[in-house]
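Data block below; observations after.
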Amino acid sequence: MAAALSMSAHTAFAADSADAIVPPLPPLPASFDAQAVDPPIVATSDAQPAKPAAEQAETEKTETAEALEGPPVPLPKLERLSDASQSDDDGKPITLDLKNADLSAALHAFARFTGLNIVASEKVRGQVSMNLVAVPWRRAFDTFLEVHGLAMERHGNVIWVAPLAELAAREKLRFEAHARAADLEPLASRTFVLRYSRAEELRKMLSGSGSQRVLSKRGSAISDARTNLLFITDLDARVRQIAELVALIDKPTPQVMIEAKIVEGEAGLSRNLGVKLGIAAQNDPATGFAGGADGVVYDLSAGPINGFDAATAGLTLFVAQATRLLNVQLSALEAQGRGQIVSRPRVVTADRVKSIVEQGMEVPYQAKVGNGMSGVQFRRATLKLEVEPQITPHGHVILDLDITKDSVGEQTANGPAIHTKHIQTRVEVENGGTVAIGGIYSDDEHEDTTGVPGLSKLPLIGWLFRNDARRSSKSELVILITPHVIASSG
Numbered sequence: 001m002a003a004a005l006s007m008s009a010h011t012a013f014a015a016d017s018a019d020a021i022v023p024p025l026p027p028l029p030a031s032f033d034a035q036a037v038d039p040p041i042v043a044t045s046d047a048q049p050a051k052p053a054a055e056q057a058e059t060e061k062t063e064t065a066e067a068l069e070g071p072p073v074p075l076p077k078l079e080r081l082s083d084a085s086q087s088d089d090d091g092k093p094i095t096l097d098l099k100n101a102d103l104s105a106a107l108h109a110f111a112r113f114t115g116l117n118i119v120a121s122e123k124v125r126g127q128v129s130m131n132l133v134a135v136p137w138r139r140a141f142d143t144f145l146e147v148h149g150l151a152m153e154r155h156g157n158v159i160w161v162a163p164l165a166e167l168a169a170r171e172k173l174r175f176e177a178h179a180r181a182a183d184l185e186p187l188a189s190r191t192f193v194l195r196y197s198r199a200e201e202l203r204k205m206l207s208g209s210g211s212q213r214v215l216s217k218r219g220s221a222i223s224d225a226r227t228n229l230l231f232i233t234d235l236d237a238r239v240r241q242i243a244e245l246v247a248l249i250d251k252p253t254p255q256v257m258i259e260a261k262i263v264e265g266e267a268g269l270s271r272n273l274g275v276k277l278g279i280a281a282q283n284d285p286a287t288g289f290a291g292g293a294d295g296v297v298y299d300l301s302a303g304p305i306n307g308f309d310a311a312t313a314g315l316t317l318f319v320a321q322a323t324r325l326l327n328v329q330l331s332a333l334e335a336q337g338r339g340q341i342v343s344r345p346r347v348v349t350a351d352r353v354k355s356i357v358e359q360g361m362e363v364p365y366q367a368k369v370g371n372g373m374s375g376v377q378f379r380r381a382t383l384k385l386e387v388e389p390q391i392t393p394h395g396h397v398i399l400d401l402d403i404t405k406d407s408v409g410e411q412t413a414n415g416p417a418i419h420t421k422h423i424q425t426r427v428e429v430e431n432g433g434t435v436a437i438g439g440i441y442s443d444d445e446h447e448d449t450t451g452v453p454g455l456s457k458l459p460l461i462g463w464l465f466r467n468d469a470r471r472s473s474k475s476e477l478v479i480l481i482t483p484h485v486i487a488s489s490g
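Just so you know, we're using UniProt numbering here: the sequence shown kicks off at 1 and counts up by one.
Written out as structure tokens, the structure reads:
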């Protein structure tokens with residue numbers, strides 16, 4: 001087989017010599033209505049003569065792409081024969097033994113073996129020596145092109161082979177033709193009725209600058225805030241692309257109901273909640289978490305490091321089944337007088353939209369307002385809760401939590417001091433689960449005086465008729481946050 005192919009290649013090449021008349025190249029499309037030319041299939045080469053020309057052609061193509069408006073539909077990517085889908089005959093092996101044969105003779109051998117029509121450019125000249133034994137013809141042909149700095153362009157069963165620089169220049173001309181055709185193509189208009197997205201925000205996104213711009217240089221977008229309509233005028237192909245983009249964006253946003261319970265009780269309330277539920281804390285060296293043996297609760301409180309005490313605030317995660325038991329336990333604590341729910345705010349927010357709940361008071365204080373004058377200003381002493389939910393693909397909720405607890409402290413010359421406790425964290429919890437944030441303690445000291453009216457104020461002996469007592473109490477504030485994903489009706 002090898003000998004037959006080799007001999008036929010030399011004897012049958014008389015009509016395909018370098019001086020033969022090469023058929024003209026297929027014409028470039030004048031507009032998008034003309035039949036598009038198949039993408040060129042380029043094989044890179046290490047040959048020194050072809051490399052500078054290829055780089056120069058690529059540079060010219062890049063400069064032209066920046067100066068011209070690109071086509072509404074991108075040109076197809078370059079492919080190689082070995083990357084194309086193979087039929088039954090495409091992968092059959094070829095055996096060739098050529099020594100100092102013309103390049104055109106080798107192409108003729110490939111043409112006879114594959115049954116394809118191979119047309120060589122008049123610039124394809126030189127000699128080749130190759131010995132192939134049972135190599136898939138696609139891979140052999142690509143290797144042949146790479147070694148000799150050639151590239152190919154396929155049109156059905158016709159393959160045109162030329163130097164890489166020549167094909168790059170042809171590709172540059174094709175790109176310019178597509179770009180100029182886009183400048184002459186009539187514009188199309190379309191009105192989009194947006195249901196969920198804001199028309200003005202979508203208009204800004206489409207009309208961005210530089211690489212962020214979706215519209216072509218001839219395109220425009222107009223939004224109407226009252227009717228939430230978006231008007232697009234652009235090339236027909238670009239309008240179709242924008243329609244697909246709008247269909248992906250204009251969808252209902254999932255909603256999340258954030259339920260918070262602010263519980264105030266005796267010290268150690270956050271730890272007792274887990275114990276009362278029958279969940280013994282156990283350290284898991286594999287995960288680094290301390291949690292119940294049945295995986296119902298995870299205690300994320302920080303521990304001491306290098307002899308330094310950790311922060312007092314800590315996190316505990318309750319799964320959905322423990323949340324129901326947690327509500328029962330809170331009701332029992334209220335009945336026993338050991339704790340009470342001082343606030344139960346609820347807020348519904350969209351996915352990845354921050355919600356803020358703030359509760360407290362504004363404390364007045366004297367401050368200089370200018371020109372030696374003093375006035376009354378206010379400082380906030382509030383419990384502020386900022387939550388931004390994010391729904392994960394598997395139905396869990398990631399919560400970005402920012403909690404600030406301010407309290408009025410001692411009096412100073414400039415007014416009352418404000419004590420602040422701040423927690424900022426990010427945690428993932430399942431739908432209906434609960435995040436318990438504890439460790440926010442407050443110490444209260446009270447002086448109580450009781451006595452017999454009149455007698456308790458007598459000098460020297462009044463102390464016999466009154467009782468002075470100093471009481472101190474320590475309480476803990478626990479914040480329970482439970483996200484609920486609201487099922488979409490659309």
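Beta carbons are placed, not taken as given, at the ideal position from N, Cα and C, and that holds for glycine. What you are looking at is a predicted structure, and each value in this text was computed from that prediction instead of being measured.
- By the Cβ-count criterion, Phe141 is buried, with 16 or more other Cβ atoms from all chains shown falling within 10 Å of its own Cβ.
- The secondary-structure analysis by DSSP pairs Pro389 across a beta bridge with Leu399.
- Between Arg470 and Ile418, the C-beta spacing is not below 9 Å.
- Of the other Cβ atoms in all chains shown, fewer than 16 fall within 10 Å of the Cβ of Pro186; this residue is therefore exposed.
- Taking the Cα of Gly395 as reference, the smallest distance to any Cα among Gly438, Gly432, Gln366 and Ala436 is reached at Gly432.
- DSSP lists Leu150 as the bridge partner or partners of Pro163.
- When only Cα atoms are considered, Asp224 and Gln212 end up about 22 Å apart.
- For a cut-off of 8 Å, the C-beta gap from Leu401 to Val427 is around 7 Å, short enough to register as a contact.
- Runs of beta strand (DSSP E) with 3 or more residues, each lying fully within the segment 427-460, are found at 434-451, listed in chain order.
- Remark: fewer than three beta-carbon pairs, one from each stretch, lie closer than 8 Å, so the segment 229-245 and the segment 260-268 are not flagged as touching.
- As a beta-bridge residue in DSSP terms, Asn467 pairs with Thr450.
- Look at the beta carbons and you see the segment 228-239 not touching the segment 344-357: under three pairs across the two are nearer than 8 Å.
- At the C-beta level, Leu229 and Ala199 come within 9 Å of one another.
- For Leu202, the three-state secondary structure derived from DSSP is helix.
- Taking 9 Å as the cut-off, the Cβ atoms of Phe465 and Ser473 do not count as close.
- Inter-residue distance for Ala335 and Thr382 is about 27 Å (C-alpha atoms, whole angstroms).
- A contact is defined here as three or more CB-CB pairs under 8 Å, and the segment 157-168 meets this definition with respect to the segment 113-131.
- Using a 10 angstroms sphere on the CB of Asn414, the tally of other CB atoms stays under 16, which defines it as exposed.
- Around the beta carbon of Gly339, 16 or more other beta carbons lie within 10 angstroms, which makes this residue buried.
- Sequence-distant partners of Ile479 (beyond 5 residues in either direction) whose C-beta falls short of 6 Å from its own C-beta, in its chain, are Ile262 and Ile437.
- Per DSSP, reduced to three states, the secondary structure at Lys172 is helical.
- As far as DSSP is concerned, Phe144 takes part in no beta bridge.
- At a Cβ-Cβ threshold of 9 Å, Leu215 and Leu206 count as neighbours.
- Following the DSSP letters along the chain, one finds Leu229 inside the beta strand (DSSP E) bounded by residues Leu229 to Leu235.
- Assigned with DSSP and collapsed to three states, Ser189 falls in strand.
- For a cut-off of 8 Å, the C-beta gap from Thr420 to Asp406 is around 5 Å, short enough to register as a contact.
- Judged by their CB atoms, Leu167 and Val128 are not nearer to each other than the 9 Å cut-off.
- Going by C-alpha positions, Ala165 is about 14 Å away from Arg125.
- When the beta-carbon positions are compared, Ile440 and Leu399 stay at least 9 Å from each other.
- In terms of Cβ geometry, Val347 and Ile258 form a close pair [threshold 9 Å].
- Of the residues Asp102, Ala101 and Ile94, the one whose Cα lies closest to the Cα of Arg112 is Ile94.
- Contact between Val485 and Pro416 fails: their C-beta atoms lie close to 42 Å from each other, not under 8 Å.
- Per DSSP, the continuous beta strand (DSSP E) segment holding Arg346 begins and ends at Arg346 to Ala350.
- Separation of Thr434 and Tyr365 (C-alpha to C-alpha, rounded to the nearest whole angstrom) is 39 Å.
- Boundaries of the beta strand (DSSP E) harbouring Gln127: Gln127 to Pro136, taken from the DSSP string.
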